[in-house]
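Structure, as structure tokens:
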Amino acid sequence: MGLREESEYYILHGYTGAVDAVGPEVIRYLLAHTDPGRTGPARDETVIRECVGHAGDREVESDTIQTLASRGYLTDKSAEAERAYVEGLAELLHKRELTRARPGFLIVPTYSCNLRCPYCYQAALRRLGKVMTRETADAAFRCIDLLRDRHHDSTREPADGTIPYMVVGLYGGEPLMRATARIVRYIVQEGRGRHLRFSATTNAVDLDQFLDLLGPDGIRQIQVTLDGPKDIHDTKRIGPKYPQGTYETILRNVGLALERDASVGIRLHINWDSVDRAKELMDDLDARGLLAHKHLAVYAETTHSWMRGHAAPVPPEMAQSDIHECLRQSCSGLARPLRATDHGLVARLERYVRYGLAGICSSASVCSSQTAMYILDLFGDIYPCWEIVGEPELKIGEFSAAAPVFNERERAWRGRTPATIPDCATCKYAVLHFGGCPAIPLRTGGELAAPACYDYEDAFISLSRRFFRSAAFRALGNSATAGAAAATVGASPH
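Numbering (the numbering used here), first residue to last: 11 to 504.
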């Protein structure tokens, strides 16, 4: 991968952990010696060719060529040998990750919802209009206990002898509405006695019905979504009882949650129709006194076209790279910065630059659905990922009062790596992207053993350029502990 940052050029090896600053003549040399039969993403090469041009006065010296070879940028491996190496490396990283993975749990008390958002990908699940019973909740707790033992969860045996808390998510449908109040109250009260605490992904419309459960010893974290400023939001987050919208109700309830010391994350949905008004919404949150609260976080995200079967973003949805750039331009000078999620891309890149492969060996997969995520629903079904809940043909097992029982899909899901995805084993992003989100190929007409490219390459090009410009990267270069931080190969960057 070649990345240009203003007058500097960096090359990043996809699996050796090498990161180097180079001159343009080195970039031209590497491009000239690229295997013409290689397949896979090449957009970054197109970008870098435009930057370095086709002519240069300097030749690449022999010692520089030797250094490039020693760092892995030049190789005499055949394509088949390199593919086999990447497959073996991916399997090794994943096995190591599996042995250390801590289990995570979500409970789905219902698939019903009190809203009818037009873009909702779970709309078909509302027909499953039931609520979890106490018996199923008890079986879910039993399942959690057994699976924590199965994973030898080290948090159950702390060195100082104290018993730590595990946070279990509440998901839906809508988990926090009047129809679920009784079972959610039971789940939280029972969970407290088991040293469990809870988070919830909620629309917050009925959140005032759960105030006694909110706070550090109950539902301690909630995620709420806004679809833009009031006039935009109130055309999307609507329901039978809320035909005029839900903006004011949600923000009032967010304030009540913060008063009870619950942590609140506001996910701001933006797209090309609303991104230029993100600052307006942030100003409103500031005027209400919400941004000043230490337990409130706000981040931006788009709805995803892949949930509707598209293999790439379709307007008005935005690509990650566009979101970050637009917010940088339109949201300067805010009381609190508004940032878009990057799904861990930059943090992963920073660990890779700092420590090489060691930086990602304990978290090779991009999602815990590939390691130890368990979502337990009201029907006794187990899913690995919240994007596919409620679809029995995709479940990985079932649970009862006796024990969880898993099917062959669990093995396939937990075993998904670049080694099991043919297109990924030859991709330059194999180790950093690790196959991507497993739900994407399932939603776009593929299968689990298919890549989840979507907009990753564009996001990597954009965000990595920003990273190499950042003070955080400069600090890595000056740090004695930065074992893999960028070295200089050949001529000084210019």
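Ideal Cβ positions, reconstructed from N, Cα and C, are used throughout, including at glycine.
Exercise. Identify whether residue 22 lies in helix, strand or coil by the three-state DSSP scheme.
Key: Taking the sequence shown and counting its residues from 1, the one referred to as residue 22 is at position 12. It is a strand residue.
Quiz item: For the candidate residues 141, 143, 176, whose alpha-carbon lies nearest to that of residue 158?
Solution: Within the sequence shown, residue 158 is the residue found at index 148, counting from 1. Selected option, being the one with the closest Cα: 176.
Quiz item: What separation, rounded to the nearest whole angstrom, lies between the Cα atoms of residue 290 and residue 296?
Solution: Residue mapping note: residue 290 aligns to position 280 of the sequence shown, counting from 1. Residue mapping note: residue 296 aligns to position 286 of the sequence shown, counting from 1. Roughly 10 Å separates the two Cα atoms.
Quiz item: Where residue 480 and residue 140 are concerned, what is the direct C-alpha to C-alpha distance, given to the nearest angstrom?
Solution: Here the question's residue 480 lines up with position 470 in the sequence shown. Here the question's residue 140 lines up with position 130 in the sequence shown. In a straight line, the C-alpha of residue 480 is about 50 Å away from that of residue 140.
Self-check item: Top-ranked residue by Cα proximity to residue 234, from 216, 485, 80, 245
Solution: Taking the first residue of the sequence shown as 1, we reach residue 234 at position 224. Taking only the C-alpha atoms, the option nearest residue 234 is 216.
Quiz item: Given residue 294, which residues of its chain have a CB within under 7 Å of its CB, disregarding the five upstream and five downstream residues?
Solution: On the sequence shown, residue 294 is found 284 positions in, with the first residue counted as 1. Answer for residue 294: 239, listed in chain order.
Quiz item: Quick one: what's got a C-beta closer than 8 Å to residue 331's C-beta in the same chain, skipping five residues either side?
Solution: The residue labelled residue 331 in the question sits at position 321 within the sequence shown. Contacts found: 465, 468, 469, 471, 472, 473.
Quiz prompt | Bridge partner(s) assigned by DSSP for residue 273 | solution = Counted from its first residue, the sequence shown places residue 273 at position 263. Answer by DSSP bridge pairing, in chain order: 231.
Quiz item: Which word fits residue 327, buried or exposed, when buried means at least 16 other C-beta atoms lie within 10 angstroms of its C-beta?
Solution: In the sequence shown, counting from the first residue as 1, residue 327 sits at position 317. By the C-beta density criterion, residue 327 is buried, having at least 16 other C-beta atoms within 10 angstroms.
Quiz prompt | Whole runs of the alpha helix (DSSP H) within the region 110-178, excluding any shorter than 4 residues | solution = When DSSP assignments are scanned along the region 110-178, the uninterrupted stretches of alpha helix (DSSP H) that are 4 or more residues long and fall wholly within it turn out to be 144-160.
Quiz item: Any idea what DSSP makes of residue 486, helix, strand or coil?
Solution: The sequence position of residue 486 within the sequence shown is 476, counting from 1. Note: residue 486 maps to helix in three-state DSSP.
Quiz item: Alpha carbon to alpha carbon, what distance is there between residue 174 and residue 146?
Solution: Position 136 of the sequence shown, counted from the first residue, corresponds to residue 146. Position 164 of the sequence shown, counted from the first residue, corresponds to residue 174. Each residue's alpha carbon lies about 25 Å from the other.
Self-check item: Span of the alpha helix (DSSP H) around residue 297
Solution: Residue numbering aside, residue 297 sits at position 287 when the sequence shown is read from its first letter. For residue 297, the enclosing alpha helix (DSSP H) covers residues 288-297.
Quiz prompt | Touching by the beta-carbon criterion (3+ pairs, under 8 Å), the region 375-383 and the region 416-431 | solution = yes
Self-check item: Coil, strand or helix - residue 392 by DSSP
Solution: Here residue 392 corresponds to residue number 382 of the sequence shown, with the count starting at 1. Three-state DSSP puts residue 392 in a strand.
Practice problem: Confirm, please, whether the CB-CB distance from residue 225 to residue 126 is below 8 Å. | Solution: Here residue 126 corresponds to residue number 116 of the sequence shown, with the count starting at 1. Here residue 225 corresponds to residue number 215 of the sequence shown, with the count starting at 1. Not a contact, by the Cβ cut-off of 8 Å.
Quiz item: Between the region 241-257 and the region 196-208, do three or more beta carbon pairs fall short of 8 Å?
Solution: no
Quiz prompt | As assigned by DSSP and simplified to three states, the class of residue 70 | solution = As a first step, residue 70 is located in the sequence shown; it is residue number 60 there, counting from the start. Looking at residue 70 - three-state DSSP - the assignment turns out to be coil, as it is neither helix nor strand.
Quiz item: Among 198, 111, 45, 347, which residue has its Cα nearest to the Cα of residue 162?
Solution: Numbered from 1 along the sequence shown, position 152 holds the residue referred to as residue 162. When each option's Cα is compared against that of residue 162, the closest is 111.
Quiz item: By Cβ distance, which residues of its chain are closer than 7 Å to residue 153, with the 5 residues on each side in sequence left out?
Solution: To locate residue 153, count along the sequence shown from 1; it is residue 143. The answer, listed in chain order, is 386, 409, 414.
Exercise. Spell out the partners DSSP gives residue 92 in its beta bridges.
Key: By one-based count along the sequence shown, residue 92 stands at place 82. Looking at the DSSP output, residue 92 sits in no beta bridge, so it has no partner there.
Exercise. Determine contact between the region 352-366 and the region 88-100, defined as no fewer than three beta-carbon pairs at a distance below 8 Å.
Key: no
Practice problem: Kindly indicate which three-state DSSP category residue 208 falls into: helix, strand or coil? | Solution: Here residue 208 corresponds to residue number 198 of the sequence shown, with the count starting at 1. In this structure, residue 208 counts as strand in the three-state DSSP scheme.
Quiz item: Is there contact between the region 447-457 and the region 297-310, where contact requires at least three CB pairs shorter than 8 Å?
Solution: The region 447-457 and the region 297-310 do not touch, with fewer than 3 CB-CB distances between them shorter than 8 Å.
Self-check item: Reference residue 122; option with closest CA among 114, 134, 115
Solution: Here the question's residue 122 lines up with position 112 in the sequence shown. Cα-wise, what sits closest to residue 122 is 134.
Quiz prompt | Residue range of the unbroken alpha helix (DSSP H) whose run includes residue 440 | solution = The count along the sequence shown starts at 1 and reaches residue 440 at position 430. 440-443 is the span of the alpha helix (DSSP H), which, as asked, contains residue 440.
Quiz item: With 16 other CB atoms within 10 Å as the buried threshold, where does residue 47 fall?
Solution: As a first step, residue 47 must be located in the sequence shown, where it is residue number 37. Exposed, by the Cβ-count rule.
Exercise. Counting only the same chain and skipping the five closest in sequence on each side, list residues whose C-beta sits under 6 Å from that of residue 193.
Key: As a working note, residue 193 is residue 183 in the sequence shown. Exclusion of the five residues before and after residue 193 leaves 119, 141, 142 as the residues of its chain whose Cβ lies within less than 6 Å of its Cβ.
Quiz prompt | residue 198, enclosing alpha helix (DSSP H) - first and last residue | solution = As a first step, residue 198 is located in the sequence shown; it is residue number 188 there, counting from the start. It spans 191-203 - the alpha helix (DSSP H) in which residue 198 sits, taken as one unbroken run.
Quiz prompt | Neighbourhood of residue 197 by C-beta, 6 Å cutoff - its chain only, sequence neighbours within 5 removed | solution = One-based indexing of the sequence shown puts residue 197 at position 187. Answer for residue 197: 147, listed in chain order.
Exercise. Taking only the alpha-carbon atoms, compute the straight-line gap between residue 213 and residue 247 and give it to the nearest angstrom.
Key: Locating residue 213 in the sequence shown gives position 203, where the first residue counts as 1. Locating residue 247 in the sequence shown gives position 237, where the first residue counts as 1. Rounded to whole angstroms, residue 213 to residue 247 spans 9 Å at the Cα level.
Exercise. Using DSSP bridges, identify the partner residues of residue 383.
Key: In the sequence shown, counting from the first residue as 1, residue 383 sits at position 373. The partner list for residue 383 (beta bridge, DSSP) reads 114.
Quiz prompt | beta strand (DSSP E) segment containing residue 466, residue limits | solution = Taking the first residue of the sequence shown as 1, we reach residue 466 at position 456. Run containing residue 466: none in the beta strand (DSSP E); it sits in the alpha helix (DSSP H), 466-479.
Practice problem: Can you check DSSP and say which residues form a bridge with residue 279? | Solution: Residue 279 sits at position 269 when you count from the first residue of the sequence shown. DSSP, once it has assigned bridges, lists 311 as partnering residue 279.
Quiz item: Is DSSP giving residue 81 helix, strand or coil here?
Solution: Counting from one through the sequence shown, the residue named residue 81 turns up at place 71. In the three-state reduction of the DSSP assignment, residue 81 falls in the coil class.
Exercise. Check each candidate in 180, 441, 30 and name the one with the smallest Cα separation from residue 101.
Key: Working through the sequence shown from its first residue, we reach residue 101 at position 91. That would be 441, whose Cα lies nearest to the Cα of residue 101.
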